[in-house]
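As numbered in this note's numbering, residues 14 to 306 make up the sequence shown, in order.
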Amino acid sequence: MRIAITADLHFGHNRLGDEATHLLLQQLRQAPPDLLLLGGDIGTEDHFGDCLQLFRDLPCVRALVPGNHDLWVAEHDRRGNSLAVYQQHLPDLCKSYGYHYLDQAPLLFPKDDLAVVGSINWYDYSWSLERMKAEIPDWQWHLDHKAFTRGRHNDGRFVLWNLDDVRFTARVVAEFERQLTDALGQVGTCIVMTHHPAFHGIGFPRAAPAQGLDELLWEALSGNRGLETVLEKYAEHIALILSGHTHRAAEAMLGPARGLNIGGDYHFKRLLMFDWPAGAIEAFTFGDPNRRR
Numbered sequence: 014m015r016i017a018i019t020a021d022l023h024f025g026h027n028r029l030g031d032e033a034t035h036l037l038l039q040q041l042r043q044a045p046p047d048l049l050l051l052g053g054d055i056g057t058e059d060h061f062g063d064c065l066q067l068f069r070d071l072p073c074v075r076a077l078v079p080g081n082h083d084l085w086v087a088e089h090d091r092r093g094n095s096l097a098v099y100q101q102h103l104p105d106l107c108k109s110y111g112y113h114y115l116d117q118a119p120l121l122f123p124k125d126d127l128a129v130v131g132s133i134n135w136y137d138y139s140w141s142l143e144r145m146k147a148e149i150p151d152w153q154w155h156l157d158h159k160a161f162t163r164g165r166h167n168d169g170r171f172v173l174w175n176l177d178d179v180r181f182t183a184r185v186v187a188e189f190e191r192q193l194t195d196a197l198g199q200v201g202t203c204i205v206m207t208h209h210p211a212f213h214g215i216g217f218p219r220a221a222p223a224q225g226l227d228e229l230l231w232e233a234l235s236g237n238r239g240l241e242t243v244l245e246k247y248a249e250h251i252a253l254i255l256s257g258h259t260h261r262a263a264e265a266m267l268g269p270a271r272g273l274n275i276g277g278d279y280h281f282k283r284l285l286m287f288d289w290p291a292g293a294i295e296a297f298t299f300g301d302p303n304r305r306r
């Protein structure tokens, strides 16, 4: 089985990024995969559907997880609040365009003894909360406002719902574990895809631990220990762990499971081609990572 994997297409965000996405699509049309996986931050508002339409004619199975940008809404948004977008609007769009919405059900390939299990994943600050408490005097204010030294994380402005990050994280982690155990009751091996990094090793790549407010806050807003613990529990049954969000490629092991952050940014895109069950992975870059304009 040939599996094509990309993330952070941010379709409609800028010209260079969309040109790179079209180059990526051109390669897939020349050699169609058996399965296409999109790892979130597909496109805000109507651009989400525009991006799904772009890949719709590929003769393969298509599946995705949404990203945090895909949940951004305005006040009185016609789609509802961010939770309604996550639970209803995006699943409905996926159904209409012929995509499997992984956050609601695993994708099973019984003949290949394989399943794909996915989640947007979220953040509950657990990756750096204790250090923030110890090192940042006004840590609570910075978390509440998602405020860096300069500027804010835009989730604080555009993710609008009657939830907090900790509760939503607990909800998606519990659902992910339920789906993972369900899938492993039917097949022997899973591929895991999340938007926010599934474990710390494929988060923001650093030569040293996070330092200072900005790095600690980015870490706090990037993932959670809960999903990481679930993956550790089932790692021997996981062939590959895939994530996006950071816009930086990374690779690390979680026990016996291989983890990859896909990389790609607003102005260039990356594609991974994974052969199952051989395990070989090829990486391709579209657009110039050094050219932002």
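Even glycine gets a Cβ: it sits at the ideal position worked out from N, Cα and C.
Note that the structure is predicted; figures quoted are calculated from it, not measured.
Distance between beta carbons of residue j and residue i, contact taken as under 8 Å
i      : j      : result
GLY257 : HIS280 : With 8 Å as the limit, GLY257 and HIS280 do not qualify as a contact, their Cβ atoms being about 15 Å apart.
VAL130 : VAL205 : 6 Å
GLY216 : GLU241 : Actually they are not in contact, since the Cβ atoms of GLY216 and GLU241 sit about 10 Å apart, beyond 8 Å.
PHE181 : SER132 : Their Cβ separation, rounded to whole angstroms, is 11 Å, which puts PHE181 and SER132 out of contact at 8 Å.
ALA211 : LEU244 : 6 Å
LEU103 : CYS73  : Contact flag wrong, Cβ pair sits at about 20 Å.
LEU41  : LEU71  : 6 Å
Through-space distance from residue j to residue i, alpha-carbon basis
i      : j      : result
THR19  : ALA76  : 11 Å
LEU36  : ALA262 : 19 Å
ARG291 : THR259 : Before going on, a small fix: residue 291 reads as Ala here, not Arg. If you take the alpha carbons of ALA291 and THR259, they lie about 28 Å apart.
ILE16  : ALA183 : 30 Å
LEU127 : GLY198 : 11 Å
LEU229 : GLN39  : 39 Å
LEU84  : GLN43  : 32 Å
VAL86  : ARG283 : 27 Å
ASP278 : PHE24  : 11 Å
ALA187 : ARG92  : 25 Å
LEU106 : ASP116 : 14 Å
ASP168 : ASP63  : 22 Å
GLU148 : TYR136 : 20 Å
GLN66  : PRO150 : 48 Å
PHE122 : ASN134 : 23 Å
ARG28  : PRO302 : 14 Å
THR162 : GLY225 : 10 Å
Minimum C-alpha distance to residue i - residue among the options
i      : options                           : result
HIS158 : THR194, GLY52 and TYR138          : TYR138
ARG144 : TYR112, LEU193 and ALA223         : ALA223
ARG238 : PRO150, HIS102, VAL185 and ALA118 : VAL185
GLU316 : TYR110, TRP140, ARG92 and ALA296  : In this structure the chain extends from 14 to 306, so residue 316 is not present and cannot be described.
CYS218 : SER235, ARG91, ILE133 and ILE204  : Before going further, note that residue 218 is Pro rather than Cys in the sequence given. Cα-wise, what sits closest to PRO218 is SER235.
CYS203 : SER109, GLY272, ARG69 and ASP63   : GLY272
ALA248 : LEU115, PRO269 and LEU176         : PRO269
HIS312 : ASP31, ASN175, ASP288 and LEU50   : The displayed coordinates of the chain run from 14 to 306. Any statement about residue 312 would go beyond what the structure contains.
GLY52  : TYR110, GLY225, HIS213 and LEU285 : LEU285
THR194 : LEU120, LEU49 and THR34           : LEU120
HIS209 : ALA221, ILE275 and HIS155         : ILE275
HIS213 : SER109, HIS113, ASN175 and MET266 : MET266
PRO46  : ARG28, VAL98 and ARG69            : ARG69
ALA97  : VAL172, ALA221, TRP154 and ARG165 : VAL172
ASP9   : GLY164, LEU156 and GLN192         : Summary: the structure shown does not reach residue 9, with the chain confined to residues 14 through 306, and so no result is reported for it.
Counted within 10 angstroms of its Cβ, other Cβ atoms place residue i as buried (16 or more) or exposed
i      : result
TRP152 : buried
HIS89  : exposed
ASP21  : buried
ASN81  : buried
ALA33  : buried
SER109 : exposed
GLN100 : exposed
beta-carbon residue i near the ligand SAH non-hydrogen atom, thresh 7 Å
i      : result
ARG271 : Among the components of this structure there are no ligands whatsoever, and the ligand SAH is therefore not found.
Item to complete: Tell me the start and end of each unbroken beta strand (DSSP E) in the stretch 39–108 that is at least 3 residues and wholly inside, in chain order.
Response: List check, beta strand (DSSP E) in window: 48–52 and 74–78.
Discussion item. Runs of 3 residues minimum, wholly inside the stretch 146–211: which ones carry the beta strand (DSSP E) assignment?
Written reply: 202–207, all fully within the stretch 146–211.
Worksheet item: Can you list, in chain order, the stretches of the beta strand (DSSP E) that have 3 or more residues and sit fully within the stretch 217–283?
Response: The stretch 217–283 contains, as complete beta strand (DSSP E) runs of 3+ residues, the segments 251–256, 263–267 and 270–274 (chain order).
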